[in-house]
Structure formats: C-alpha cells, structure tokens
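Scroll down for the structure; my scribbles are underneath it.
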Amino acid sequence: MGERLNDGGEPVRRRPHPAGTGPAADTVDQELEALLAEVLRVTGGPVAPPAGSEGELRAVAAFRAARDAGAHTARTRRRDDWRPRTRRSAARSLRATLSVAVASLALGGVAFAAIGSAGGDPADAKRPERSASASEGRSQAPSLTPSPAAPGTPAGRDRPVTAEDTAAHCRAYERVKDRGRALDSTAWQRLVTAAGGEENVEAYCAARTASAENDGGANGKGNGKSNGTGGTTDKGGQQAGKTPKGNAGKQ
Amino acid sequence: MGQGGEPRRAQAYDGELGAAVARAQDGDESAFAVAYRIVQPGLLGYLRGIVGDDAEDVASDAWLEIARDLGRFKGDGAGFRGWTATIARHRALDHLRRLRVRPRAAALEHEVVMDLPGPHTTHDQALESLSTARALELVRGLPRDQAEAVLLRVVVGLDGPAAARVLGKRPGAVRTAAHRGLKRLARQLGVTDTNGRGVTDDGPRTLGESK
Chain L
1 MGERLNDGGE PVRRRPHPAG TGPAADTVDQ ELEALLAEVL RVTGGPVAPP AGSEGELRAV
61 AAFRAARDAG AHTARTRRRD DWRPRTRRSA ARSLRATLSV AVASLALGGV AFAAIGSAGG
121 DPADAKRPER SASASEGRSQ APSLTPSPAA PGTPAGRDRP VTAEDTAAHC RAYERVKDRG
181 RALDSTAWQR LVTAAGGEEN VEAYCAARTA SAENDGGANG KGNGKSNGTG GTTDKGGQQA
241 GKTPKGNAGK Q
Chain G
1 MGQGGEPRRA QAYDGELGAA VARAQDGDES AFAVAYRIVQ PGLLGYLRGI VGDDAEDVAS
61 DAWLEIARDL GRFKGDGAGF RGWTATIARH RALDHLRRLR VRPRAAALEH EVVMDLPGPH
121 TTHDQALESL STARALELVR GLPRDQAEAV LLRVVVGLDG PAAARVLGKR PGAVRTAAHR
181 GLKRLARQLG VTDTNGRGVT DDGPRTLGES K
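Chains as they are written, first to last, in UniProt numbering: chain L, 1 to 251; chain G, 1 to 211.
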C-alpha cells in the first residue's frame, strides 16, 4: 500500500493531467486503459449494434410491455438510485453515525442492567451450584436453584438462632422460674408467649429439648436440622437438573 | 482516475444517454432503443469478460430486467451505465451459478505470454499484434475481481466509485484490483511505456490518492 518504490519520485506521475501534455504525461494505468479500450471496444470488439438489431427489438418489446403494464411506476429502491452521491452520502453518513450512537447506548444500557442484576443476586452464596445447574440445562436453572436457596438461606441463619435461644431459655427457665420478677423481662415474656401461656412453658421446653437431643445435642439442633433439609432439597434439585440433561444427551 | 481515454469517450455519450433515458422513462420507446444502442457495446464487452460466449444471452436477460425496471431508475447517463452494469452483473453471476463452472482457465496466462512476440516499445505496436479475442482472453485470464474492475473501468466506462458500487466493494479496493489487473496485462503484453520503463515496476500509484 502506498509504496512509491520506483526510481526516485517522477514528477510526471503526480502531475495532474492538463490538456495537451499528451499521453506521455498520463499515468501508466490510463494509457493501458486506453489501449485496452481500443482493443476491446473499438477495434472490432463489441461494436454498437445497428438500429433494429434482434437484441434491440427484444429489449424494446420488453420495454413496451412493462410500460403498458404500468411497471414503470414502480418505486425506486436504493440500488436504483444512481444520482450523484454528494448530498445523499452526507445524509447517510449522518444517519449511520446517529444509529451507531443509539445502538451503542442501547447495548451499553443492557450491559449495565445485566451487571446490576448479577451483582444484586440474593443467591450469590449458591453461585457454584447455580452455575453448575445452569450449565446442565438453561431452562431448569431459574426454577430449581433459587427454590432451595431462597427458603434455605433464611432457614440456615434465623432458625438456629431462635432455636438456640429457646433451648437456652428453657434451660435457664428451670432455674429462674421460682425467682419472682425475673420472668417479667422481655426474653421470658417472649418464651411464655411462644409456649402459649406460663403453664405451657414446661411442656414447650420439654418438646424442644427432646427434639434437639434427637438431632445430637441442644446446640446443633437448629443448625443440623435446617442444613440437613437444605442439603436434601439441593440434591433433589441437582438430580432433577441432571435427569433431563442425561436424557437430552442420549437423544 | 476516470480521465483515461475510454471513460472520456464514454462520457461523451453520457449526455445523450441521460436524455434518452429520461425520455424513455416518460414512455418513449425509440428513446429506449437509443439508450440500448449506446449502452449495449460496453455491457456486452463486460459480460464477455465474465461469461464468455454466453454474453449475448446474459445481456438479453439483463435487458429484459432493465426494460421492466426502468421506471425505478434515478440518475443521469453515467448513472445509467452503472445501474445497467449492476443488473448485467447479477444476471451473469446467476448464469455462472447455474453453470457451476469457473469461467476462466487458470493456465491461460502462461500460454498467452509464450505466444506473444517480443517486447513492444509503443502501445501502437502492442495494439497491432493484439486481436480482440486475444485481449479478451487475457482479461478473462485475470482473477475475477481484477478482470471485472478492469472491464468496468475500461469497457463500460465507469469511474472508480461507480465501478466500486457495481462490484459492491470499497472504491480503494476496486482501484487496487484494476491497477493490479492492468499491471498484469501489461506484463503479459510486454508493454513498456514511452519512457522505456517497464510498467510493471510501478507501485500502486492510485493508492496514494485519498478518496
């Protein structure tokens, strides 16, 4: 591209072509074009057909048929418009620039929105499972993975705390219940309300403690239970996700 | 570009052609015949370069479409050349697709060079030794993009932007293709220019021009 390697910049080449300087001043390309034109077109080449040639008659007949059928009122398509292009191309380039700008804004907005929604995803903690199931089957991903995650997350954090509190309160209740005003404090009131009355507290606590011991200790009661269920649900979700995939792979 | 001998000659008819097209668009069939006679030689030469001996048939098909769609055309005489060349090109490509045959023989260049007499010092001498058939053979021996660029420029008489539009390419790409094609033809013809310098030494001069 752009190489001017030949013997040291000939001024002849870059000169415009004033009339009268003759073919020697013309560029090589133009001389060759002229030569070829002579050969191909003038010297026995495809010469202008005589009036009334077969091709002309056929073309004129087609013209007449189209004219009489009203085809010549057809709309001008872009490829039919060969008017000089100065204004048209300016308008078109303006239009092109604008549409590119609009498109980039629109795409940018979509990308920004996608980033925002991904960042605000409440199931971030479950991301590995989510991406795994998403790769297994796109249609499965939205319905399956959030369902264990959404109830699982609050259960995993809140219930153990409450259960632990309840267990602790129950244990303390045994020691405190006979000591006058201690039961007036908010924590005891809450325990009493949860049990459904002061007389029910012992039964309530007994039930809680028993179930906690079944799960392997008062401390692990809530955690163990909720994690266990969460895990089961997750496995179920993954299996449900895998099954269609296996089928799809076999089909 | 476009100041070469042939484009200038083509432009001489463009006023007449534009007027004939305008009258034809108003329904004058004799004006359409005039336009046919002005355009057909270049169109046929271009088509010969693409489809060879089937050029007449393809041109006939093209003229049916031109006659049908004439009302859609907008532009002057030069524009009409470009528009008709585009239609002819589409018909030619359809034709080639139907044939599923490459239009050119790849080995052509070598044989032709062997046949030619020794180097000429002037174009006139080169011209004398060159028959039309041989010249067409030479052009058809070029890669098709080069052959088409040369033919549209030289035979149809289009300027660079119009040839580029017919080919659906950028003007720069078409200028390059035309230049390469001409350079190769010059080498095959053994042409040297009037300074005695081989034209094949020339770089793609036109690329320096900004468009």
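We put the CB at the ideal spot given by N, CA and C, even for glycine.
Classification of residue i by the beta-carbon crowding that lies within 10 angstroms, buried from 16 upward
i                      : result
Leu64 of chain G       : buried
Leu107 of chain L      : exposed
Gln189 of chain L      : exposed
Leu136 of chain G      : buried
Ala111 of chain L      : exposed
Val139 of chain G      : buried
Arg165 of chain G      : buried
Gly181 of chain G      : buried
Ala69 of chain L       : exposed
Arg205 of chain G      : Interpretation of Arg205 of chain G is limited by its pLDDT of 41, a score under 50 that renders its predicted location unreliable; the figure taken from the coordinates is listed afterwards. Buried, because 16 or more other Cβ atoms sit within 10 Å of the Cβ of Arg205 of chain G.
Asp69 of chain G       : buried
Arg83 of chain L       : exposed
Thr84 of chain G       : buried
Thr186 of chain L      : exposed
Leu158 of chain G      : buried
Glu199 of chain L      : exposed
Thr193 of chain L      : exposed
Ala173 of chain G      : exposed
Arg91 of chain G       : buried
Met1 of chain G        : Any reading at Met1 of chain G must be qualified, since the residue scores a pLDDT of 42, below 50, and its modelled position is unreliable; the value itself is stated next. Flag for Met1 of chain G reads buried.
Leu98 of chain L       : exposed
Gly42 of chain G       : buried
residue 230 of chain G : There is simply no residue 230 of chain G to check, as chain G begins at 1 and stops at 211 in what is shown.
Contacts of residue i in chain A (Cβ-Cβ under 8 Å)
i                 : result
Ala177 of chain G : Absent from the structure: chain A. Protein chains present are L and G.
Chain L contact residues for residue i, given Cβ-Cβ distances below 8 Å
i                : result
Glu29 of chain G : Val60, Phe63, Arg64, Arg67
Ala59 of chain G : Gly55
Leu17 of chain G : Those do not exist, as Leu17 of chain G stays about 12 Å from chain L at its closest Cβ, beyond 8 Å.
Leu64 of chain G : Arg58, Ala59, Ala62
Gly82 of chain G : Trp82
7 Å Cβ cut-off: residues of chain L touching residue i
i                 : result
Gly160 of chain G : Residues of chain L passing the Cβ test: none, with the nearest at roughly 11 Å.
Arg37 of chain G  : Ala48, Pro49, Ala51, Glu56
Val166 of chain G : Per Cβ cutoff of 7 Å: no residues; Val166 of chain G is ~10 Å from chain L at best.
Gln146 of chain G : In chain order: nothing, as chain L lies at least about 12 Å away.
Per DSSP, cross-strand counterpart(s) of residue i
i                : result
Lys74 of chain G : L:Asp81
Interface partners of residue i on chain G, CB under 8 Å
i                : result
Ala74 of chain L : Asp69, Gly71, Arg72
Ala71 of chain L : Arg68, Asp69, Gly71
Pick from the options that is closest to residue i, judged by C-alpha positions
i                      : options                               : result
Gly79 of chain G       : G:Ala19, G:Lys169, G:Arg184, G:Thr132 : G:Ala19
Cys205 of chain L      : L:Ala187, L:Ser99, L:Thr186, L:His169 : L:His169
Ala31 of chain G       : L:Leu36, L:Leu35, L:Ala59             : L:Ala59
Ala88 of chain G       : G:Arg37, G:Arg68, G:Phe73, G:Val58    : G:Val58
Thr176 of chain G      : G:Gly75, G:Glu148, G:His95, G:Leu189  : G:Glu148
Arg208 of chain L      : L:Ala101, L:Asp165, L:Thr76           : L:Asp165
Asp76 of chain L       : G:Arg134, G:Gln25, G:Arg187           : A small fix is needed here, since residue 76 of chain L is Thr in this sequence, not Asp. Of the listed residues, the one whose Cα sits closest to Thr76 of chain L is G:Gln25.
Asp81 of chain L       : G:Leu99, G:Gly45, G:Gly82, G:Lys74    : G:Lys74
Ala133 of chain G      : L:Leu36, L:Glu198, L:Ala96            : L:Leu36
Gly82 of chain G       : G:Gly160, G:Ser60, G:Ala33            : G:Gly160
Ala167 of chain L      : L:Val100, L:Pro49, L:Gly196, L:Glu202 : L:Glu202
Asp54 of chain G       : G:Gly157, G:His95, G:Val154           : G:His95
Arg23 of chain G       : G:Tyr13, G:Ala35, G:Ile50             : G:Ala35
Gln30 of chain L       : G:Val155, G:Ala162, G:Ala67           : G:Val155
Glu54 of chain L       : G:Thr86, G:Gly71, G:Ala33             : G:Ala33
Leu189 of chain G      : G:Lys169, G:Ala162, G:Gly141          : G:Gly141
residue 212 of chain G : G:Gly27, G:Gly168, G:Pro171, G:Ile38  : Nothing can be reported for residue 212 of chain G, as the shown portion of chain G is limited to 1 through 211.
Asp93 of chain G       : G:Glu56, G:Leu47, G:Ser60, G:Arg72    : The amino acid at residue 93 of chain G is misidentified as Asp; the sequence shows Leu. Checking every option, the nearest Cα to that of Leu93 of chain G belongs to G:Leu47.
Arg144 of chain G      : G:Gly49, G:Arg97, G:Leu185, G:Ala62   : G:Gly49
Cross-chain neighbours of residue i in chain L, by beta carbon under 9 Å
i                 : result
Gly75 of chain G  : Asp80, Asp81, Trp82, Arg83, Pro84
Val174 of chain G : None at all; the shortest Cβ gap to chain L is about 13 Å.
Gln25 of chain G  : His72
Leu93 of chain G  : Near Leu93 of chain G there are no residues of chain L at all, since even the closest Cβ is about 15 Å away, more than 9 Å.
Ala33 of chain G  : Ala51, Gly52, Glu56, Leu57, Ala59, Val60, Phe63
Leu142 of chain G : What Leu142 of chain G touches in chain L: nothing, since even the nearest Cβ is about 11 Å away.
Gly79 of chain G  : Asp81, Trp82, Arg83, Pro84
Val51 of chain G  : In chain order: nothing, as chain L lies at least about 13 Å away.
7 Å Cβ cut-off: residues of chain G touching residue i
i                : result
Ala77 of chain L : Here residue 77 of chain L is Arg; the residue named in the question, Ala, does not match the sequence. By Cβ distance, chain G contributes Arg72.
Proximal residues of chain G, C-beta to C-beta of residue i below 9 Å
i                 : result
Leu105 of chain L : In chain order: nothing, as chain G lies at least about 28 Å away.
Complete beta strand (DSSP E) runs within the UniProt domain "RNA polymerase sigma-70 region 2" (36-100) of chain G (minimum length 3 residues, chain order): none
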